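A.B. asks: What follows is a structure written as structure tokens; I'll ask about it next.
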Amino acid sequence: MTQHLDILTNYNSGKLWDFYGGIHPPEMKSQSNQNPIQNLPLANRFYIPIKQHAGSAGNILVKVGDKVLKGQALTIGSGLKALPVHASTSGIVKNIAPYVAAHPSGLSEISIEIEADGLDQWREKQPVEDFLSLSREQLIDKIYQAGIAGLGGAVFPAAAKIQSAENKVKLLVINGAECEPYITCDDRLMRDYSEEIIEGIRILRYILSPEKVVIAVEDNKPEAIEALQQGLHGANDIDIRVIPTKYPSGAAKQLIQILTGVEVPSGQRSSSIGVLMHNVGTAFAIKRAIIDDEPLIERVVTLTGDKIAQKGNYWVPFGTPISHVLKQVSYQYDERFPVFMGGPMMGFILPNLYAPITKATNCLLAPDHFEYEPPAAEQSCIRCSACSDACPVHLMPQQLYWFARAEDHEKSEEYALKDCIECGLCAYVCPSHIPLIQYFRQEKAKIWEIKEKAQKAEEAKIRFEARQARLEKEEQERRARANKAAENRRAEMAQQKGIDPVQAALERLKAKKSADTQENNLEQKTQINIKGEVVPDNSDIMAQRKARRLARQQASSNIPEELQNSGERTIESAVENPEKNAEISAIQSDADPKKSAVAAAIARAKAKKLAQQTNSDTTSKLDNNAQSSEQNATESAVQSEVDPKKAAVAAAIARAKAKKLAQQTNSDTTSKLDNNTQSSEQNVAESAVQSGIDPKKAAVAAAIARAKAKKLLAQQTNSDTASKLDNNGQSSEQNAAESAVQSGVDPKKAAVAAAIARAKAKQLAKKQSEIQDK
């Protein structure tokens, strides 16, 4: 607190102090500060690096092919130190890839390439007429969303800087010194936009609430000082202090010392002594962001040097290739003379002119042979101490030079390398032409990399220890739960007279599982064959089938005698033509034709399987047995008065077996089979008449028998028997017709049936002859 009072007391005294070291190089500012700030034609392509500040890059919001508007956010950060970047004009995103950066290393950085559409169309803006209507938090957020970084050279995020110093600032300093030779962008900004700069300063004053606000300007800028005084319009809320011209009076710590006589302690920020500093360009950008809702997408860049014909200050959008900028001001390219980004003291040579303009670009210097000569060869240090005498922060550059070359990082830190402001004075005054500033920058980068790795390792260690502690805590909690459960179980055992409830539950579970297993075994039985394979046990199903078969045999032996007397001739015909006999039996018994057909199909399949198992030697014996079994079955059915439906089924089974045996006979029995078929048809018809069967049904049955007989004869006979088949077919047709007339069947229907039978017989004969010809 005492130090803050000293700062305000010293400042209010109006006295100016001096800082150690410093030089007075040629200013060379009149080349570029004579004309107002101008605009340049837009480039066709923009390459916008996603990181243009001191901090981390944000996350990309767009993708290739997106259409973007001027001022649209291209990235978004996760904190105040990860500033977003915005589209400098409207167009199409063509690529997102590494592109050459404006850096002395010449390395590439991730950039967003935008093809301009020429419309330069803004996104929708929401301007604010009175910033006092917003809270301090809202204003800081707007400054962050606008992507504003310090435009004095350090490009530190402005929102983070403001927030870290909130409620600590007693003196707010606006830096308008601009001490480096050639650079005049702040000078022209103060001349041309003084009122907007003052408006931005008042926004900062509203956020920070300092006791004093001052604009510091070097005495070599009288026009800028006058313009600022006019911009105040007689108000005395902001002071304007004119300071002597000396390099580097524009450095933050040196300017604070000039105004207050107090040095910022080593390793600390100016906010630690109650002072906060912003550049006039940053104040202007804050006004545009808050009042006009315009993010930081362009800045004033000084274009100077004898190689540039149209020297001056220009508004240049970020992402514009430097080659395009130089071409618009009639730059005369000469490979002997490089182009500098920045001034002659702190700037660096651009390795690639296609690099883009960024937030850190305040000047492009293109000298000729009158202003530039190639650097002399580096010589050995003679320990003259000229560098130490010129250093404004009281460092020992000659010692730091040796530590940097030896990569002795501990010694470099011990000699306060981090306090170096990289003003370039040491290299400027060195008689041995040693590029000291380059050595110091490299050493800083190496130390920063080592610290970053150490910090990441420490963070990883902390995460690992936290994880181990969490696992240990979880293990302890688990053990505690287990111990508590054991205690509860022991207590329950004591109540249940020593029976462990957990063991009892396990026993119940095992018993249930065993019962389920037995049930599954009962549902699905298996057995092991002689090969050791597990196969299904079908013994129960086979026993059931056997029982049903014995029951059917027993039932078939109980046929009544009335059926035997009325069907003697039918039984005789069944021996020769069992299929037809089964049909007639089904008609006589009024059985369901569908059920009879199903039973006949089952019997036919069983007979076929039985016939395949027998050999050719037992054919005649099987035939005799089949005929005798059929006769016995039929006689039994007649004698035992069995259900006519069952009798029909039994007859169908016999018919199927007889048909199979008939197919296995040789060609010598063909004529006999034909005669038997004809006689069986006649017998069936006669039986139907005698037994009172409907004559129409008898005719249909005769026609079916005739067709089957013709088909069987066609398949079993050769070409020599074709004529015989035809004669037999004609005779069978005549017999069928005569039977139909005798039984009272419609002659037309009988004629149709005969024609169909004749056509089928001819077709079968034709096919047989074609097969033999082939």
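Its first residue numbered 1, the sequence shown is counted upward by one per residue in full-length UniProt numbering. For glycine and all other residues, C-beta sits at the position ideal for the given N, C-alpha and C. Quick caveat, the model's predicted, so the values are computed rather than measured.
(1) If you draw a straight line from the alpha carbon of Phe318 to that of Leu139, how long is it in whole angstroms?
(2) Who are the Cβ neighbours of Cys387 in its own chain at under 7 Å, not counting the five residues just before and after it?
(3) Assuming Ile183 and Met190 are in contact, meaning their beta carbons sit under 8 Å apart, how far apart are those beta carbons, in whole angstroms?
(4) Going by the beta-carbon positions, is the gap between His394 and Tyr247 smaller than 8 Å?
(5) So what does DSSP say about Glu129, is it helix, strand or coil?
(6) When the Cβ atoms of the stretch 251-263 are set against those of the stretch 164-182, are three or more pairs found closer than 8 Å?
(7) Should the stretch 82-99 be regarded as contacting the stretch 262-275, the criterion being three or more beta carbon pairs within less than 8 Å?
(8) Which complete alpha helix (DSSP H) runs does the stretch 89-116 hold, if anything under 4 residues is left out?
(9) List the whole-angstrom C-beta distance separating Ile37 from Trp315, where the pair is believed to meet the contact cut-off of C-beta under 8 Å.
(10) Name the two residues that bound the continuous beta strand (DSSP E) containing Pro317.
(11) Quick check: the Cα distance between Thr75 and Pro127, rounded to an integer number of angstroms?
(12) Give the range of the beta strand (DSSP E) segment to which Asp239 is assigned.
(13) Is the beta carbon of Gly152 closer than 8 Å to that of Asn279?
(14) Under the three-state reduction of DSSP, which class applies to Asn362: helix, strand or coil?
(15) Given this structure, state the Cα-to-Cα distance separating Lys125 from Arg202, to the nearest angstrom.
(16) Please classify Gln38: does DSSP put it in a helix, a strand, or coil?
(17) Please state whether the Cβ-Cβ distance between Pro367 and Gly305 is less than 8 Å.
(18) Let me check one thing: in DSSP terms, what residues is residue 777 bridge-paired to?
(19) Using a Cβ distance threshold of 8 Å, determine whether the stretch 65-80 contacts the stretch 344-361, with at least three qualifying pairs required.
(20) Is it buried or exposed, Tyr20, if we count other Cβ atoms within 10 angstroms and call 16 or more buried?
(21) Given this structure, state the Cα-to-Cα distance separating Arg481 from Glu474, to the nearest angstrom.
(22) Counting pairs of Cβ atoms below 8 Å between the stretch 149-166 and the stretch 326-338, do you hit three or more?
(23) With a cut-off of 8 Å on the beta carbons, I'd call Val217 and Gly281 a contact; round off their distance for me.
(24) Looking only at C-alpha atoms, which of Glu422, Lys453, Ala454 and Lys767 sits nearest to Arg441?
(25) So the beta strand (DSSP E) Leu172 belongs to, where does it begin and stop?
(26) Please report how far the alpha carbon of Tyr384 lies from the alpha carbon of Ser432, in whole angstroms.
(27) Short of 8 Å in beta carbon distance, which residues of its chain neighbour Phe370, apart from the five on each side in sequence? Order them along the chain.
(28) How do the stretch 105-123 and the stretch 30-48 stand: do at least 3 beta-carbon pairs fall below 8 Å, yes or no?
(29) Rounded to whole angstroms, what's the CA-CA distance from Glu166 to Pro41? Just pull it up for me.
(30) Between the beta-carbon of Ile297 and the beta-carbon of His53, is there less than 8 Å?
(31) Applying the 10 Å Cβ sphere with the 16-neighbour rule, what's the burial state of Ala404?
(32) Whole angstroms are fine: how far does the CA of Gln230 sit from the CA of Ser380?
(33) Let me know the secondary structure DSSP gives Ala460 once reduced to three states.
(34) Just to confirm my understanding: we take Leu107, look at its own chain, exclude 5 residues before and 5 after, and list those with CB closer than 7 Å. What are they?
C.D. replies: Considering the structure as presented:
(1) For the purposes of this step, residue 318 is identified with residue 318 of the sequence shown, where counting begins at 1. For the purposes of this step, residue 139 is identified with residue 139 of the sequence shown, where counting begins at 1. It is roughly 24 Å from the alpha-carbon of Phe318 to the alpha-carbon of Leu139.
(2) If you number the sequence shown from 1, residue 387 lands on position 387. The residues are Pro397, Gln398, Cys426, Val429, Cys430 and Leu436.
(3) Taking the sequence shown and counting its residues from 1, one reaches residue 183 at position 183. Taking the sequence shown and counting its residues from 1, one reaches residue 190 at position 190. That pair is no contact at about 13 Å.
(4) What you label residue 394 is simply residue 394 of the sequence shown in a count that begins at 1. What you label residue 247 is simply residue 247 of the sequence shown in a count that begins at 1. Tyr247 is positioned such that its CB atom lies no closer than 8 Å to that of His394.
(5) Here residue 129 refers to the residue found at position 129 when the sequence shown is read from its first residue. Glu129 falls in the coil class under three-state DSSP.
(6) Yes: the two stretches touch, three or more of their Cβ pairs being nearer than 8 Å.
(7) Segments in contact, no.
(8) Within the stretch 89-116, there are no complete alpha helix (DSSP H) runs of at least 4 residues.
(9) Here residue 37 is taken as the residue at index 37 of the sequence shown, counted from 1. Here residue 315 is taken as the residue at index 315 of the sequence shown, counted from 1. Right, the Cβ-Cβ distance comes to about 6 Å (below 8 Å), so this counts as a contact.
(10) Residue mapping note: residue 317 aligns to position 317 of the sequence shown, counting from 1. Gly312 to Pro317 is the span of the beta strand (DSSP E), which, as asked, contains Pro317.
(11) As a first step, residue 75 is located in the sequence shown; it is residue number 75 there, counting from the start. As a first step, residue 127 is located in the sequence shown; it is residue number 127 there, counting from the start. Answer to the nearest angstrom: the Cα atoms are 22 Å apart.
(12) Indexing the sequence shown from 1 puts residue 239 at position 239. Annotation for Asp239: the continuous beta strand (DSSP E) segment containing it runs Asp239 to Ile243.
(13) Translated into the one-based positions of the sequence shown, residue 279 becomes position 279. Translated into the one-based positions of the sequence shown, residue 152 becomes position 152. Going by C-beta atoms, Asn279 is nearer than 8 Å to Gly152.
(14) Here residue 362 corresponds to residue number 362 of the sequence shown, with the count starting at 1. When secondary structure is reduced to three states using DSSP, Asn362 falls in the coil class, being assigned neither helix nor strand.
(15) Taking the first residue of the sequence shown as 1, we reach residue 125 at position 125. Taking the first residue of the sequence shown as 1, we reach residue 202 at position 202. About 22 Å.
(16) Taking the sequence shown and counting its residues from 1, the one referred to as residue 38 is at position 38. Reduced to three states, the DSSP call for Gln38 is strand.
(17) Start at 1 with the first residue of the sequence shown, and residue 367 comes out as number 367. Start at 1 with the first residue of the sequence shown, and residue 305 comes out as number 305. The answer is yes: Cβ separation under 8 Å.
(18) Here the chain comprises residues numbered 1 to 774, so residue 777 is not present and cannot be evaluated.
(19) With the cut-off at 8 Å, the stretch 65-80 and the stretch 344-361 do not touch.
(20) Here the question's residue 20 lines up with position 20 in the sequence shown. That one is exposed.
(21) Here the question's residue 481 lines up with position 481 in the sequence shown. Here the question's residue 474 lines up with position 474 in the sequence shown. One C-alpha to the other measures close to 10 Å.
(22) Here the stretch 149-166 makes no contact with the stretch 326-338; the two share fewer than three CB pairs at distances below 8 Å.
(23) In the sequence shown, counting from the first residue as 1, residue 217 sits at position 217. In the sequence shown, counting from the first residue as 1, residue 281 sits at position 281. At roughly 14 Å, the Cβ-Cβ gap does not stay under 8 Å, so Val217 and Gly281 are not in contact.
(24) Taking the sequence shown and counting its residues from 1, the one referred to as residue 441 is at position 441. Closest by alpha carbon: Glu422.
(25) One-based indexing of the sequence shown puts residue 172 at position 172. If you look at Leu172, you'll find it in the beta strand (DSSP E) that goes Leu171 to Gly176.
(26) Start at 1 with the first residue of the sequence shown, and residue 384 comes out as number 384. Start at 1 with the first residue of the sequence shown, and residue 432 comes out as number 432. Residue identity differs from the one stated: residue 384 is Cys in this sequence, not Tyr. Spanning the alpha carbons of Cys384 and Ser432 requires a straight line of approximately 10 Å.
(27) Start at 1 with the first residue of the sequence shown, and residue 370 comes out as number 370. Hits under 8 Å: Asp306.
(28) They touch, by the three-pair rule.
(29) Counted from its first residue, the sequence shown places residue 166 at position 166. Counted from its first residue, the sequence shown places residue 41 at position 41. Computed Cα separation, rounded: 41 Å.
(30) Along the sequence shown, one-based indexing puts residue 297 at 297. Along the sequence shown, one-based indexing puts residue 53 at 53. One thing to note: Ile297 has its Cβ no nearer than 8 Å to the Cβ of His53.
(31) Taking the first residue of the sequence shown as 1, we reach residue 404 at position 404. Buried is the call here.
(32) Walking along the sequence shown from the start, residue 380 turns up at place 380. Walking along the sequence shown from the start, residue 230 turns up at place 230. Near 53 Å, if we compare the C-alpha coordinates of Gln230 and Ser380.
(33) Your numbering for residue 460 matches position 460 in the sequence shown. Ala460 carries a helical assignment under DSSP once its states are collapsed to helix, strand and coil.
(34) As a position in the sequence shown, residue 107 is number 107, starting the count at 1. These residues qualify, in order along the chain: Ala101.
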